[in-house]
Amino acid sequence: MSGAVRGGAGADRFDVPEADAFTRPYWEAAAEGRLLLRHCAACDRAHHYPREFCPHCWSEDGVSWRTASGRATLYTWSVVHRNDLPPFGERVPYVAAVVDLEEGPRMMTEVVECEVGEGGTGGMRGVLRIGMELEVTFRAGVPVFRPR
């Protein structure tokens, strides 16, 4: 993902991924509600963000896409109260987070449907805490997580 993407009505959007030939399977699966990870057959480890080689053992052979369980635990988070880039300003406050996926990799994401402090966000499912169990859901083809 890089830069802005021209959205509807000519507005620039900074939350829309730019898929290339290599990452297209990831984004197509996300649009279908599936989270994919890269998996290395040589060392039997998963990794994220998508790469053509394994960052653990450097193998280029046998690295393929696998469907992830969609389960994670919250590693850390920050509540964003101000963001001037469209459409994030309409979403504040929101929770920017890092989660530990069940398969091992860490992933930057957003946590939704949770209490973020004074005033909350509506549709609450839980109060944030380190180690809380999360599950993947998708917003406009982008993986985000919510409390289980």
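Taking the UniProt record's numbering, I'd label the letters of the sequence shown as residues 1 to 148. Positions of the beta carbon are idealized from the N, C-alpha and C atoms, including for glycine.
* Asked: Can you name, in chain order, every residue of its own chain whose Cβ lies under 8 Å from the Cβ of Cys43, other than the five neighbours on each side?
  -> Sequence index remark: in the sequence shown, residue 43 carries index 43 (1-based). Within the same chain, Cys43 has close Cβ partners Cys54, His56, Cys57 and Ser59.
* Asked: Ordered along the chain, which non-local residues of its own chain (more than five positions away) have a Cβ less than 8 Å from that of Tyr75?
  -> In the sequence shown, residue 75 corresponds to position 75, counting from 1. So the list reads Ala97, Val98, Val99, Asp100, Arg106 and Ile130, once near-sequence residues are dropped.
* Ala29 to Glu52, Cα distance in whole Å? -> Counting from 1 along the sequence shown, the entry for residue 29 is found at position 29. Counting from 1 along the sequence shown, the entry for residue 52 is found at position 52. C-alpha separation (whole angstroms): 17 Å.
* **Complete beta strand (DSSP E) runs within the segment 54–124 (minimum length 3 residues, chain order)** => 63–67, 71–80, 94–101 and 106–111
* To do: Assess, as a yes-or-no matter, whether the segment 108–115 is touched by the segment 132–143 under the definition of 3 or more beta carbon pairs within less than 8 Å.
  => yes
* Can you tell me whether Arg38 is buried or exposed, with buried defined as 16 or more other CB within 10 angstroms of its CB? -> One-based indexing of the sequence shown puts residue 38 at position 38. Buried: at least 16 other Cβ atoms inside 10 Å.
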